[in-house]
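J.: Residues in the sequence shown are numbered from 11 upward in steps of one, following this note's numbering.
Each residue gets a CB set at the ideal place from its N, CA and C atoms; glycine is no exception.
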Amino acid sequence: AFATVWDYDNGKVGWVTQLVVRVNARKRYIATSLLQMLKQSWLFCGITALGLVSSHPAACHALSKYTDISISSLDLTFCQCNAKSILAVSPVAYVKDMELRGSLFEDGCTTGAFSCVFTNFYVNHNEPLEALAAYKAGGRWVLGELLEGHEFLIILPVQKPVALPDVFQ
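#1: Within a Cβ cutoff of 8 Å, which residues of the same chain sit near A141, ignoring the five residues on either side of it in sequence?
#2: DSSP on K22, reduced to helix/strand/coil?
#3: Go ahead and label L84 buried or exposed: buried means 16 or more other beta carbons lie within 10 angstroms of its beta carbon, across all protein chains shown.
#4: Who pairs with F128 in a beta bridge, going by DSSP?
#5: Which class does T27 belong to by DSSP, given the choice of helix, strand or coil?
#6: Do you know offhand how far Y104's Cα is from T129's?
#7: Helix, strand or coil for S64? Go by DSSP, reduced to three states.
#8: Indicate whether the contact test is met: 3 or more Cβ pairs, each with one atom in the stretch 88-105 and one in the stretch 155-170, closer than 8 Å.
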């Protein structure tokens, strides 16, 4: 996992820039474990929000576990209210340039997308779409459809920011 942090209007966001698990090592909670390790790192001390864009539903699911919220019961009001201000001040160029898409951000959206961004990255979505179908079949998906050139957007509040240990102060 690769991650960074930056300040935004309402606090400090921890952003997961890469969360990749080799195909033959998936479904072993590796992504979840990597994110849980970030929770204890000095980098993520004091974050008030946590975000990720990914075409893979399992990455979004792992991120929801960081905040102890089930992917099927996410309240995306925080994402809706803060996404624009968080992305606007990102030091990561491709994050800053993303266009918010889906019915969470666009009135009258009819694409089936709910919370996503247009990244202009056109990649093979076969494997993520298979995973998405499994999440939907289990009634565990709230982020909508995955469109070509798009990725899911998930930004969640961190209820109990980890305090910086004395050794780092």
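T.: In this structure, then:
#1: Against the sequence shown, residue 141 aligns to sequence position 131. Once the five neighbours on either side are set aside, the close Cβ partners of A141 are H66, P67 and A68.
#2: Within the sequence shown, residue 22 is the residue found at index 12, counting from 1. In this structure, K22 counts as strand in the three-state DSSP scheme.
#3: The residue labelled residue 84 in the question sits at position 74 within the sequence shown. The residue in question, L84, is buried, as its Cβ has 16 or more Cβ neighbours within 10 Å.
#4: The residue given as residue 128 occupies position 118 in the sequence shown. Looking at the DSSP output, F128 shares a beta bridge with E109 and H160.
#5: What you label residue 27 is simply residue 17 of the sequence shown in a count that begins at 1. Reduced to three states, the DSSP call for T27 is strand.
#6: The residue given as residue 104 occupies position 94 in the sequence shown. The residue given as residue 129 occupies position 119 in the sequence shown. If you draw a straight line from the Cα of Y104 to the Cα of T129, it comes to about 8 Å.
#7: Stepping through the sequence shown from its first residue, residue 64 is reached at position 54. In the structure shown, S64 sits in a strand (DSSP, three-state: E or B).
#8: A contact exists between the stretch 88-105 and the stretch 155-170.
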